[in-house]
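Down below is the structure, laid out as structure tokens.
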Amino acid sequence: MRFDPENPTHLSRLTRAREAAYKTLQPFREFRIEAMREMVGKHYGHDGASQITPLNVIQLLVSSYSQHLISNNPAFAVSTKYPELVPSAKLFQVGLNEQAVEMNLRQTIEDVVTDAMFGFGVAKVGLTATSDDSQGFLHDAAQPFADHVGTEDWVHDTEASRYEEATFAGNRYRVPLDEVRDNPLYDQRIRSRVVGTSKSNAIVGDAENDRARSIGSGTGGNYDHILHEQVELWDIWLPRDNLLLTMVAGQEFNSCLRIMEWSGPETGPYLFLPYQTIPGNIMPIPPVAGVYDLHILINQLLRKAGRQAERQRTVLGYQDGAADEAERVLNTEDGQGVRMNNPDNVKEFRFGGADGATVAFVMQLRQLASYVGGNMDAIAGLMASSDTVGQDKLLTENASQRLQHMAEKVENFTSALGRAVGSYLWDSDVIRRLSMLIEGTSIEVQRYWGPDERVGKFYHYNVDVVAHSLRRKTPEQKMSMIEQALGQLFLPLMPVLQQQGYALDIRSLLRLWSESRGIPEMMDIVVPVDPAVAQMQQEEQSAPWPASAQRQPVTRGKGRAQVDPFTEGARQMMAEQRSNAAR
């Protein structure tokens with residue numbers, strides 16, 4: 006039977022199913038919050054760990070894995086099997102990558118990747134329908150958005166064995182009450198009756214400290230100290246019925262604020278990221294769960310050893326009648342002699358101190374935590390394992406097959422995210438101004454890309470994430486890759502390249518090398534042998550500004566011409582260089 010959003014009985018059944026599923030997910034939310042508290046430690050915000058964590062295994066695991074999984078904005082490649090659509094695919098690729106940067110897609114992926122370390126990660130993708138910024142100032146009207154959905158704001162059909170089998174999924178979010186009442190997309194009869202969310206109408210089974218933001222702020226679900234009165238809404242996606250419903254949390258009116266026929270991507274508005282799935286279970290095993298107990302045990306023993314060390318004391322004991330000898334011992338400086346009638350009358354006694362067996366056991370547990378965590382020492386770069394940097398890099402890259410498996414999961418998730426964003430971008434009415442390089446040159450041209458320039462259908466194109474684009478490369482790493490390519494590819498093929506009219510630009514290679522190594526003096530050491538070449542380079546350096554770089558004086562006030570200080574300073578420098586060259 007098809008779900009009828011206008012039927013109060015159907016809506017009541019959906020509400021009960023959502024509340025039951027939310028309650029079923031409670032243990033997963035509780036573990037996530039507790040693990041996050043342990044990760045941030047005792048000294049973070051108002052509601053961190055209850056005790057000190059001298060060796061934070063969870064923080065080490067999350068940070069070491071996250072920096073390998075996502076540290077850069079994703080780069081998407083758009084291809085097509087239709088030759089006539091290749092130019093349009095290039096425009097689509099530039100537009101999609103610019104959109105990813107503009108909407109700060111990297112931050113969303115980083116939040117999802119980190120959240121999945123504690124349970125699972127969820128991203129919500131859609132098209133901003135209104136011009137308000139209630140969901141964030143990066144949400145521009147009529148443009149795609151991609152937001153991270155925290156576990157505390159998520160619900161799905163827990164009776165399903167796989168996410169693809171779920172009959173419903175959704176998330177809650179806060180918006181200002183005034184914007185709900187004024188939103189023309191919502192049902193007038195419902196939005197006029199909506200009131201601000203408070204403790205009295207909060208979600209069943211929801212607790213103030215059940216949200217991640219309570220760790221830092223200590224407020225959790227407190228609605229009494231906010232600038233604008235808020236209301237919580239639910240977006241519920243029904244994949245079998247192809248519907249997206251918007252409902253008010255805690256204020257059931259047996260009707261929906263908005264009912265939409267779903268016309269977006271086949272994957273729906275939500276993308277799910279699990280790292281380790283369990284057959285027959287929709288909930289995955291998070292990586293943090295594998296080291297959580299070790300983290301607790303290690304820090305318990307370290308705190309115990311610390312208390313033992315604090316109780317450690319050294320005292321000087323002496324027999325009755327030997328007080329003078331004890332005083333002489335106490336007043337004697339290190340390395341000096343002391344007169345004693347009987348050395349046995351005065352002895353030093355030591356009490357307490359950290360138990361050596363306990364400390365040794367902690368060290369064994371630390372190594373075990375690194376083992377269980379997939380060789381965290383190598384992944385985090387905390388311990389050199391070989392004699393050379395290159396060998397260490399190779400060992401780090403091969404340290405954990407788990408890391409490689411997780412990286413593939415993240416790349417597949419990012420590709421799906423790019424396809425979802427791309428589908429909204431393709432169907433939007435937004436006209437973008439794109440900057441493109443003419444292939445084989447350094448000339449940049451401007452192109453406008455709007456609905457009229459989007460040839461074909463979205464399914465004619467394949468969107469995929471560029472391999473390794475999620476990981477940031479330092480200038481040294483880029484130069485190392487160039488050096489490797491030169492030695493293994495270009496230099497052996499040099500005779501063939503010369504026959505086809507290609508050669509290496511040594512000057513550009515030296516400039517790139519000196520910039521990446523931070524040694525600009527290298528350009529002064531290598532000079533051309535031919536005087537004509539040197540003269541040509543000197544003329545290029547002292548050439549006047551091109552017409553495109555010249556700027557007209559800025560006029561302000563009553564027609565007075567004011568000189569742009571940046572342009573004037575640059576012209577003076579160029580004039581001085583020409584004068585020095587003439588001498």
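Numbering (my numbering), first residue to last: 6 to 588. All C-beta atoms in this analysis are idealised placements derived from N, C-alpha and C, irrespective of residue type, glycine included.
Asked	Found
Reduced DSSP category for Ala508 - H, G, I as helix; E, B as strand; rest coil	coil
Distance between Asp325 and Ser375 (C-alpha atoms, nearest Å)	55 angstroms
Span separating the alpha-carbon of Trp159 from that of Glu488	48 angstroms
Cβ separation of Ala314 and Tyr323, assumed to be a contact under 8 angstroms, to the nearest whole Å	Between Tyr323 and Ala314 the Cβ distance is about 26 angstroms, and since that is not below 8 angstroms, they are no contact.
Local conformation of Ala82 per DSSP, three classes	strand
Span of the beta strand (DSSP E) around Gly326	Note, Gly326: premise wrong, no beta strand (DSSP E); not H, not E.
Sufficient close CB pairs (3 or more, under 8 angstroms) joining the stretch 260-276 to the stretch 422-430	yes
Three-state secondary structure assigned by DSSP to Ser200	In the sequence as presented, Ser is not what sits at residue 200; that position holds Val. Correct three-state label for Val200: coil.
Cβ-Cβ distance between Gln317 and Gly357 below 8 angstroms	yes
Residue interval of the alpha helix (DSSP H) (run including Gly423)	406-432
Nearest candidate by alpha-carbon position, reference Pro289, set Glu11, Phe33, His15, Arg42	Phe33
Sub-8 angstroms separation of Arg167 and Ile38 beta-carbons	no
Bounding residues of the alpha helix (DSSP H) (the contiguous stretch that carries Ser17)	13-29
Contact under 8 angstroms by Cβ, Val180 with Val236	yes
Best match in Glu164, Glu43, Ala26, Leu96 for proximity to Glu157 [C-alpha to C-alpha]	Ala26
Assigned exposure category for Gln341 - 16 Cβ within 10 Å defines buried	exposed
Same chain, Cβ closer than 6 angstroms to Val83, five either side skipped, listed in chain order	Ala94, Phe97, Gln98, Tyr466, Val468
From Arg308, Leu90, Ser71, Met122, residue whose alpha carbon lies closest to that of Val296	Met122
CB contact flag (Gln64, Met41, <8 angstroms)	no
Leu498 - DSSP class collapsed to helix/strand/coil	coil
DSSP state of Ser440 mapped onto helix, strand, coil	strand
Beta-carbon contacts of Lys563 that lie in its chain and below 6 angstroms, excluding the five residues immediately before and after	Since pLDDT at Lys563 reaches only 39, below the 50 mark, its modelled position is unreliable, and the value read off the structure follows with that caveat. Contacts found: none.
The stretch 73-82 touching the stretch 409-419, judged by at least three CB pairs closer than 8 angstroms	yes
Limits of the unbroken beta strand (DSSP E) element including Thr58	Where Thr58 is concerned, there is no enclosing beta strand (DSSP E), given that its DSSP letter is neither H nor E.
Under 8 angstroms between C-beta atoms of Trp242 and Gly175	yes
Thr58 classed as buried or exposed, judged by whether at least 16 other C-beta atoms fall within 10 angstroms	buried
Integer-rounded CB distance, given that Leu515 should sit under 8 angstroms from Met527	6 angstroms
Spatially closest choice to Gln590 from Val415, Gly201, Val531, His153, by CA coordinates	With the chain covering 6 to 588 only, the question about residue 590 has no answer from this structure.
Rounded straight-line distance, which links the Cα of Asn102 to that of Val470	10 angstroms
Close-in-space but distant-in-sequence residues of the same chain around Met252 (CB under 6 angstroms, 5 per side omitted)	Trp239, Cys261
Host beta strand (DSSP E) of Val236 (start-end)	235-243
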